[in-house]
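S.K.: The following block contains the structure, expressed as structure tokens.
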Amino acid sequence: MELTSRERVQLALRGEEPDRVPYQDIFWKSTIARWRQEGLPDVESTDYFGCEITRLGAD
Numbered sequence: 059m060e061l062t063s064r065e066r067v068q069l070a071l072r073g074e075e076p077d078r079v080p081y082q083d084i085f086w087k088s089t090i091a092r093w094r095q096e097g098l099p100d101v102e103s104t105d106y107f108g109c110e111i112t113r114l115g116a117d
């Protein structure tokens, strides 16, 4: 049975072995803007690309 993203991340954070490494990426605002000009839907990029860990920060 495949793990949910939440289960996968929790296992990894506890130092246990998930079914695969949780996926995380960081996208530059300028890159997202360009991709949107090229047809990327106007949705949250982390959701669109299936990121399982999201990082929050302030500008």
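Per my numbering, residue 59 is the first one in the sequence shown, and the count goes up by one each step.
Think of the CB as a built atom: it goes at the ideal place given N, C-alpha and C, for glycine as much as any other residue.
Please read these numbers as outputs of a predicted model, since none were measured by experiment.
What is the DSSP secondary structure of Y81, reduced to helix, strand or coil?
M.R.: Correct three-state label for Y81: coil.
S.K.: Within 8 Å (strictly less), CB to CB, does Q95 reach chain D?
M.R.: Of the protein chains in this structure there is only one, and it is not chain D.
S.K.: Candidates R72, E74, L71 and P80: which alpha carbon is nearest T62's?
M.R.: Taking only the C-alpha atoms, the option nearest T62 is P80.
S.K.: On a Cα-Cα basis, can you pick out the residue from R113, A91 and A70 that is closest to R78?
M.R.: Selected option, being the one with the closest Cα: A70.
S.K.: Among G73, R64, E102 and E74, which residue has its Cα nearest to the Cα of W86?
M.R.: The residue with the shortest Cα to Cα distance from W86 is E102.
S.K.: Looking at the secondary structure, which residues open and close the alpha helix (DSSP H) in which T112 lies?
M.R.: Segment: none, T112 is in no alpha helix (DSSP H) and carries neither H nor E.
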